[in-house]
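Asks: The sequence shown begins at 802 in this note's numbering and counts up one residue at a time.
Even for Gly, the Cβ is constructed at its ideal location relative to N, Cα and C.
For clarity, every value in this text was computed on a predicted model and none was experimentally measured.
Can you keep this structure in mind? I'll have questions shortly.
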Amino acid sequence: MVTGNNFNPLIDLNNYIAFSCLLSVWLHQTRIGLSLYDVAGQGYLRESDLENYILELIPTLPQLDGLEKSFYSFYVCTAVRKFFFFLDPLRTGKIKIQDILACSFLDDLLELRDEELSKESQETNWFSAPSALRVYGQYLNLDKDHNGMLSKEELSRYGTATMTNDYKTYLDFVLALENRKEPAALQYIFKLLDIENKGYLNVFSLNYFFRAIQELMKIHGQDPVSFQDVKDEIFDMVKPKDPLKISLQDLINSNQGDTVTTILIDLNGFWTYENREALVANDNENSTDLDDT
802 MVTGNNFNPL IDLNNYIAFS CLLSVWLHQT RIGLSLYDVA GQGYLRESDL
852 ENYILELIPT LPQLDGLEKS FYSFYVCTAV RKFFFFLDPL RTGKIKIQDI
902 LACSFLDDLL ELRDEELSKE SQETNWFSAP SALRVYGQYL NLDKDHNGML
952 SKEELSRYGT ATMTNDYKTY LDFVLALENR KEPAALQYIF KLLDIENKGY
1002 LNVFSLNYFF RAIQELMKIH GQDPVSFQDV KDEIFDMVKP KDPLKISLQD
1052 LINSNQGDTV TTILIDLNGF WTYENREALV ANDNENSTDL DDT
């Protein structure tokens, strides 16, 4: 805490200048490093360019020392996928070096240089070894016939069923589900929900997906919730321009896209949403009990 007794504006300014200089040097060095992989020389990196960059970066990251070399190709694929999923929304197959430097992904990746990185930080870092192994392990568990592809039935065990998927497509699926607040993730999920390919969601498409939630509730011995009630709640949350249609932009503008998609495709998430008031009350009671002890 800074008080009137220990605050020195000159020291504070010097620290800021030093930090700014270090940041400037880091950005310059990183830009040069990335540019070495810009084969076309146009300020972009293709998928193969970024794969080569990360592959050669692995030996410099102590937190990845434990990875088997046989896993390197899967690790590189996992790491590169995050960059392209979020920074190449139009799927052009290339990303501006400027965009790579401007986002936080490279910071997260280079954080793995820290030999004393906490377990908590590793668990929340997509690029960490535990995270990459977790995602790959989930993929293997779903791929029951071990042919490297996920069928509709296999993928349905993770969440919403889609067409046959390879590992890269599976990574897109995981990134979308784990980052539902992000526009790129909502765009991905929206395409899955737009079963009629009309560019919007209507009562039919909402009901199509919520029926699966209702069936799962029955299987788990829960009383199914009325679709009419859920449909009204969704339209109230989103407030679309057209009262009968929900567009992707409506979802993004509402800041409720993650909640809406969770209601439609995730039984556990829907249960949490339905019982949110009871859960908050329970948390408050537990907090009060702790204060009293």
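What does the Cβ neighbour count give for residue 1037, buried or exposed, with the cut at 16 atoms within 10 Å?
Replies: In this structure residue 1037 is exposed. Its beta-carbon is surrounded by fewer than 16 other beta-carbon atoms within 10 angstroms.
Asks: What are the complete beta strand (DSSP E) segments, minimum 3 residues, inside the stretch 996 to 1070?
Replies: none
Asks: State yes or no: is the C-beta of residue 864 within less than 9 Å of the C-beta of residue 935?
Replies: no
Asks: State the beta-bridge partners of residue 846 as determined by DSSP.
Replies: 896
Asks: I need the DSSP call for residue 926, collapsed to helix, strand or coil.
Replies: coil
Asks: Check residue 880 in the structure and name its three-state DSSP category.
Replies: If DSSP states are grouped into helix, strand and coil, residue 880 belongs with the helices.
Asks: Rounded to whole angstroms, what is the Cα-Cα separation between residue 942 and residue 1042?
Replies: 42 Å
Asks: Measuring alpha carbon to alpha carbon, tell me which residue in 857, 853, 886 is nearest residue 985.
Replies: 886
Asks: Classify residue 840 as buried or exposed, calling it buried when 16 or more other Cβ atoms lie within 10 Å of its own Cβ.
Replies: Its Cβ having fewer than 16 others within 10 Å, residue 840 is exposed.
Asks: Just to confirm the assignment, what range does the alpha helix (DSSP H) spanning residue 979 have?
Replies: For residue 979, the enclosing alpha helix (DSSP H) starts and ends at 968 to 979.
Asks: Along the chain, where does the alpha helix (DSSP H) that runs through residue 839 open and close?
Replies: No alpha helix (DSSP H) contains residue 839, which DSSP labels as neither H nor E.
Asks: When DSSP labels each residue in this structure, what does residue 889 get in the three-state scheme?
Replies: coil
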